[in-house]
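Structure record follows, encoded as structure tokens.
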Amino acid sequence: MSLYKLTSPVNVVRAQTIPSMAIKIPATNKKITTELLHETLSITRSEDVKTLINTALDGHFMPARNQLYNLLIKHGLSGEDIIRQMQQNIFDLTIPDENKVQLIEKTGETEFRLIRGNNEHIQLESLLAQIVLMGEQLKDFSSNGTK
Numbered sequence: 001m002s003l004y005k006l007t008s009p010v011n012v013v014r015a016q017t018i019p020s021m022a023i024k025i026p027a028t029n030k031k032i033t034t035e036l037l038h039e040t041l042s043i044t045r046s047e048d049v050k051t052l053i054n055t056a057l058d059g060h061f062m063p064a065r066n067q068l069y070n071l072l073i074k075h076g077l078s079g080e081d082i083i084r085q086m087q088q089n090i091f092d093l094t095i096p097d098e099n100k101v102q103l104i105e106k107t108g109e110t111e112f113r114l115i116r117g118n119n120e121h122i123q124l125e126s127l128l129a130q131i132v133l134m135g136e137q138l139k140d141f142s143s144n145g146t147k
């Protein structure tokens with residue numbers, strides 16, 4: 001994936017600030033890497049969000065929550081950025097289409113709540129909890145062959 005792949009209108013604005021942000025990077029005496037650019041520009045990385053979703057689907061709520069807070073706090077991403085990236089990554093998951101539809105519905109509902117001004121952390125944690133529960137149902141289904 002290209003660093004300059006823009007996944008949201010917010011990233012378009014961020015991309016416009018690349019020249020001014022790039023001036024600040026050399027002042028840190030750090031080698032300019034993709035990681036440093038992602039941190040500096042707060043661009044959502046698809047692989048980080050995929051890992052977040054898969055961790056939750058595997059039933060690991062606390063590690064997924066830690067990954068979420070890493071994206072929110074360390075990388076400075078907004079909840080809306082994370083939700084939009086989740087919506088794009090859902091189609092690549094190896095889960096039944098029925099569950100993909102449920103995840104799209106749940107991410108859409110969460111995005112709506114975020115736009116309405118609800119607490120970002122509470123809404124995203126609630127979404128993670130729902131993904132963990134879905135993962136548990138998928139495990140039960142695959143081990144028992146029934147819903």
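All the letters of the sequence shown, read from the start, carry residue numbers 1 to 147 under the UniProt record's numbering. For glycine and all other residues, C-beta sits at the position ideal for the given N, C-alpha and C. All of these numbers come straight from a predicted model, not from anything done at the bench.
Residue i in three-state terms, based on DSSP
{"i": "His75", "result": "coil"}
{"i": "Lys31", "result": "coil"}
{"i": "Gly108", "result": "helix"}
{"i": "Pro63", "result": "helix"}
{"i": "residue 169", "result": "Lying before the first or after the last residue shown, residue 169 is absent from the chain, which here runs from 1 to 147."}
{"i": "Arg113", "result": "helix"}
{"i": "Phe141", "result": "helix"}
{"i": "Thr94", "result": "coil"}
{"i": "Asp48", "result": "helix"}
Short Cβ contact (7 Å threshold) for residue i with residue j
{"i": "Gly79", "j": "Glu120", "result": "yes"}
{"i": "Leu77", "j": "Leu68", "result": "no"}
{"i": "Ile86", "j": "Val132", "result": "The displayed chain sequence assigns Met, not Ile, to residue 86. Not in contact: Met86 and Val132 (Cβ atoms no closer than 7 Å)."}
{"i": "Thr55", "j": "Pro63", "result": "yes"}
{"i": "Lys74", "j": "Ile90", "result": "no"}
Rounded Cβ spacing between residue i and residue j (contact assumed at less than 8 Å)
{"i": "Lys106", "j": "Gln130", "result": "5 Å"}
{"i": "Glu111", "j": "Ile83", "result": "5 Å"}
{"i": "Met134", "j": "Gln102", "result": "7 Å"}
C-alpha distance - residue i paired with residue j, whole-angstrom precision
{"i": "Leu114", "j": "Asp58", "result": "25 Å"}
{"i": "Ser42", "j": "Ile32", "result": "Summary for Ser42: the model assigns pLDDT 49, below 50, so the residue's position carries little reliability, and this model does not support an answer."}
{"i": "Phe61", "j": "Ile104", "result": "19 Å"}
{"i": "Glu47", "j": "Thr94", "result": "15 Å"}
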